[in-house]
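A.B. asks: Could you have a look at this structure, given as structure tokens, before my questions?
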Amino acid sequence: MNEKVLTIDIEGYKADLPILPLPSGINIAFFNLHGNSEMTEHCGKHLAKYLGDCEVLITAESKGLQLTHVVAREIGHHYYAVARKAKKLYMQDGIEVSYGSSITTGEPQKLYLSRHDVELLKGKKVGIVDDVISTGESLKGLEALVKKAGGIIYKKAFVLAEGKAADRADVIYLQKIPLL
């Protein structure tokens, strides 16, 4: 199988990202941290350098989870908030927000936050952490959750910025990749 890939360098870590078509007709270089502990550790440690002054972190399931775990450990945080894409039983007294469609889903989305995580964010300088920023729609959902919880959006950090997201002055990222 001759798979097309985009080879990138993330702060000294070389990765071959498979080129995959989306239903919209756009091709993306697919970045997947799931199951890759070495790359997750590397990226998390490098992002942590920018987030040490955040009081709490938040991410969305699922690819941001292990990344944020590494960042939290590196900056000495025992807890971080997790936005879920489906309402879990323990989240009945939490909050939710709706936001637009991401580049990979193509459909409107919702994010849910437990009461515990709402309390974790309230009044704190929050660092938003995720794997990739592209259209910014997923970020808008996380920002809306932070605001609704009473947190202060302090920093927004990603491993990769895709396409025009790399031109945004309000985000931190380790490497940029093109839309293909």
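Its first residue numbered 105, the sequence shown is counted upward by one per residue in this note's numbering. Glycine residues also receive a C-beta, built at the ideal position from the N, C-alpha and C atoms.
State whether the stretch 249 to 261 contacts the stretch 115 to 131, with contact taken as three or more CB pairs (one from each stretch) at a distance under 8 Å.
C.D. replies: As far as the Cβ criterion goes, the stretch 249 to 261 does not touch the stretch 115 to 131, which means the pair count is below three.
A.B. asks: Within 10 angstroms of its Cβ, does A190 collect 16 or more other Cβ (buried), or is it exposed?
C.D. replies: Counting of Cβ neighbours within 10 angstroms places A190 among the exposed residues, the total staying below 16.
A.B. asks: Does DSSP classify Y203 as helix, strand or coil?
C.D. replies: strand
A.B. asks: Distance, Cα to Cα, H138 vs G227?
C.D. replies: 32 Å
A.B. asks: Along the chain, where does the beta strand (DSSP E) containing E266 start, and where does it finish?
C.D. replies: 256 to 266
A.B. asks: Given this structure, state the Cα-to-Cα distance separating K192 from I132, to the nearest angstrom.
C.D. replies: 31 Å
A.B. asks: If you drop the 5 nearest sequence neighbours on each side, which residues of the same chain put their C-beta closer than 8 Å to that of L284?
C.D. replies: L110, I123, I130, N131, I132, A133
A.B. asks: Return the CA-CA distance between I179 and E211, expressed in angstroms with no decimal places.
C.D. replies: 35 Å
A.B. asks: Identify every residue that forms a DSSP beta bridge with R188.
C.D. replies: Residue pairing for R188: DSSP places it in a beta bridge opposite Y216.
A.B. asks: Our contact map puts V201 next to K153 with C-beta atoms below 8 Å; I'd like the distance itself, whole angstroms only.
C.D. replies: No, V201 and K153 are not in contact; Cβ-Cβ is about 29 Å, not under 8 Å.
A.B. asks: What is the DSSP secondary structure of K228, counted as helix, strand or coil?
C.D. replies: K228: coil per DSSP, three-state reduction.
A.B. asks: Based on the DSSP output, what are the partners of Q170 in its beta bridges?
C.D. replies: In DSSP, Q170 forms no bridge with anything.
A.B. asks: In chain order, what residues of the same chain lie with their CB nearer than 7 Å to the CB of K149, ignoring the 5 residues before and after it?
C.D. replies: V174, E178
A.B. asks: So for A273, helix, strand or coil by DSSP?
C.D. replies: coil
A.B. asks: Apart from the five residues on each side of it in sequence, which residues of its chain come closer than 6 Å, Cβ to Cβ, to A270?
C.D. replies: For A270, where only same-chain residues beyond five positions count, the Cβ hits under 6 Å are K280.
A.B. asks: With respect to the beta strand (DSSP E) encompassing T144, which residues constitute its N-terminal and C-terminal limits?
C.D. replies: Careful: T144 lies outside any beta strand (DSSP E), inside the alpha helix (DSSP H) at 141 to 155.
A.B. asks: Just mark E247 as buried or exposed, buried being the case when its beta carbon has 16 or more other beta carbons within 10 Å.
C.D. replies: buried
A.B. asks: Express the C-alpha separation of K108 and G254 in angstroms, rounding to a whole number.
C.D. replies: 44 Å
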